[in-house]
DNA sequence: AGCAAATATTGACCATCGTCGATATTGACA
DNA sequence: TGTCAATATCGACGATGGTCAATATTTGCT
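Chains as they are written, first to last, in UniProt numbering: chain A, 1 to 125; chain B, 1 to 125.
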């Protein structure tokens, strides 16, 4: 079971494929976690555990198609444009967002199931 | 709705009553979060977003009665006793654990629903 | 009272993180 | 080709966080 989890992680496209980790079915409340399981989940949670990134995620999630342009994300938060870009990169590297460029604009889209996966790992429904 | 949430938080016993925050029903993926909502959720997530604390939580959660003595938590993790004590305090202050002392030993118990609350805020079921 | 065991607190160190200003890159368009 | 707008990257700074050694506190026991 754990081996399956790791082989899935190896072949994944993103740095931290939270969706695949979710397939491990090792919720926080079921059994004692191993060190590497705790490391992986902590890495994903750290990516979300920031007010600016949470607001970015929620704005994108509330947008139609769960997709938003960077230009629409810079003003609502009271932080500079480089900082927004940095947070979006963190969320993308963590496997919560994908980036697609159309013209000069960059659009970030929520990866379906990524948040639900983390949610399921924290507490089984 | 938001006002109810804040009045609940004011009268709560713990510093960060995640259970009450969960009662706000403002999931990450439903609407754009306000700054203070993001601050609160980030604070709770930060408390969990650490490998050592995740392992502590999972050990306690897997124990009978979802309760464990500190003496049983010091050895499985490869960290010193003061560090374990520190992490347990962080989790307790964040509203995930309660502490009860029986004799010389300190027992930490999982607060029912606290993890589920956070989980629900990250992704609505 | 005095000792021993379990746990908490303190103070310090190093690493990581969030933010910013400045600059680089990318792409559209005249 | 040159310019402009949108976004990303870089380097730096202050703040926060995880860990430890040393010490304090609490509690049971003799």
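Quick reminder that beta carbons are idealized off the backbone N, C-alpha and C, glycines included. Values in this document were obtained by computation on a predicted structure and should not be read as measured data.
CB residue i to CB residue j, shorter than 7 Å?
i	j	result
residue 122 (chain A)	residue 57 (chain A)	no
residue 117 (chain A)	residue 107 (chain A)	no
residue 92 (chain A)	residue 109 (chain A)	no
residue 39 (chain A)	residue 76 (chain B)	no
residue 32 (chain A)	residue 59 (chain B)	yes
residue 47 (chain B)	residue 90 (chain B)	yes
residue 74 (chain A)	residue 81 (chain A)	yes
residue 126 (chain B)	residue 119 (chain A)	Only positions 1 to 125 of chain B appear in the structure, and residue 126 (chain B) is not among them; the question remains open.
residue 42 (chain A)	residue 41 (chain B)	no
Give the single residue among the options whose Cα lies nearest to the Cα of residue i.
i	options	result
residue 94 (chain A)	A:114, A:75 and A:78	A:114
residue 104 (chain B)	B:80, B:70 and B:96	B:70
residue 30 (chain A)	B:48, B:63 and B:47	B:63
residue 96 (chain B)	B:45, B:34, B:37 and B:35	B:45
residue 169 (chain B)	B:78, B:34 and B:88	Nothing in the structure corresponds to residue 169 (chain B), since chain B is present only between 1 and 125.
residue 34 (chain B)	A:102, A:83 and A:78	A:78
At a Cβ threshold of 7 Å, is residue i touching chain A?
i	result
residue 93 (chain B)	no
residue 46 (chain B)	yes
residue 25 (chain B)	Confidence in residue 25 (chain B) is poor, its pLDDT being 42 and thus under 50, which makes the residue's placement unreliable; the coordinate value appears in the next sentence. So, not an interface residue.
residue 112 (chain B)	no
residue 72 (chain B)	no
residue 90 (chain B)	no
residue 79 (chain B)	no
residue 18 (chain B)	Caution applies to residue 18 (chain B), whose pLDDT of 43 falls short of 50 and renders its modelled position unreliable; the value that the coordinates give is listed next. Answer no: the Cβ-Cβ gap between residue 18 (chain B) and chain A never drops below 7 Å.
residue 60 (chain B)	no
residue 99 (chain B)	no
residue 56 (chain B)	no
residue 122 (chain B)	yes
residue 106 (chain B)	no
residue 119 (chain B)	yes
I'd like to know whether the C-beta of residue i is nearer than 7 Å to at least one C-beta of chain B.
i	result
residue 51 (chain A)	yes
residue 21 (chain A)	Residue placement at residue 21 (chain A) is flagged as unreliable, the pLDDT there being 43, under the threshold of 50; the coordinate-derived value follows with that caveat. Chain B contact via Cβ: absent.
residue 68 (chain A)	no
residue 29 (chain A)	yes
residue 41 (chain A)	yes
*Ordered list of beta strand (DSSP E) runs contained in the UniProt domain "HTH arsR-type" (33-125) of chain B, each at least 3 residues*: 67-69, 97-102 and 105-110
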